[in-house]
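Visitor:
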Amino acid sequence: MAEKGMKPDRSFSHAKEVLFCPSAQPGLNQSLILGIVDKRGDESQVTLLSRPVKVSVGTMSAFFGSTTRPTEVFRFAAPCEKGGCRNWSGSHCRVAEQLVQILPAISAGLPECSLRPMCRWFQQEGRSACERCPQVLTDDQGFEAALNGSGPVNSPYHTDRVFGEPPILAEFQRPLPAR
Ligand code: SF4
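Heads up: the sequence shown runs through residues 13 to 191, numbered per our numbering.
Quick look at the structure:
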């Protein structure tokens, strides 16, 4: 859970500001490149950009016809769709809720991130989300399995916690809209 002074806030649903999902698909409206996937052997982490970059047609065209998904190279942020997303519980994001429970903190301090004032995960879970955030790879099967409580024991995301929720992150598997 979030530390003192950084309390999770699930009461902001009335707020007018747009909050961004920091692990979104690039084809969503107003999507941004949030970070670059840094592959290191079997492990990968996301290096957050000092400033998110707007996703352009050029960004997407680089992947047309490629077997590499954009989310294997970048992590994207896009406005949180709340009720339009299967990961929305009705009051909060279940991905953020679970990631702070199944992933270890890898950063003692807050990673530099200019999305923070608008980040759904930070607004909800506070710095606990940020301390784990760079490990999250969108569409990663190991992470999805861990969120669903079915990850293999040797997975870095393995958890003994049993989740009763139906499979989530299907939201992240949407095909990209034609441009
Ligand atoms: S580092 Fe924190 S504020 Fe930035 S995207 Fe990750 S969870 Fe959100």
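Using N, Cα and C, we set each Cβ at its ideal position, and we do this for glycine too. All figures in this text were calculated on a predicted structure; none of them were measured in a lab.
Does the distance from the CB of Val69 to the CB of Arg87 come in under 8 angstroms?
Guide: The answer is no: Cβ separation not under 8 angstroms.
Visitor: For Glu40, tell me which candidate among Pro123, Thr83, Ser119, Asp54 has the shortest Cα-Cα distance.
Guide: First, the residue type needs correcting, since residue 40 is Leu and not Glu in the sequence shown. The candidate whose alpha carbon is nearest that of Leu40 is Thr83.
Visitor: Going by beta carbon distance, what residues of the same chain come within less than 7 angstroms of Val67, once the five residues before and after it are set aside?
Guide: Taken in chain order, the residues that qualify are Pro38, Ser43, Leu44, Ile45, Phe88.
Visitor: Could you spell out the range, first to last residue, of the beta strand (DSSP E) harbouring Gly47?
Guide: Its beta strand (DSSP E) spans residues 44-52.
Visitor: Taking the C-alpha atoms as reference points, what is the distance between Ser126 and Phe134?
Guide: Approximately 12 angstroms, taken between the alpha carbons.
Visitor: The ligand SF4 and Cys145: does the residue's C-beta get closer than 7 angstroms to at least one heavy atom of that ligand?
Guide: Indeed, a heavy atom of the ligand SF4 lies less than 7 angstroms from the Cβ.
Visitor: Can you look up Thr83 in the DSSP assignment and give me helix, strand or coil?
Guide: Correct three-state label for Thr83: helix.
Visitor: I need the straight-line Cα distance from Ala120 to Glu109, nearest angstrom please.
Guide: About 19 angstroms.
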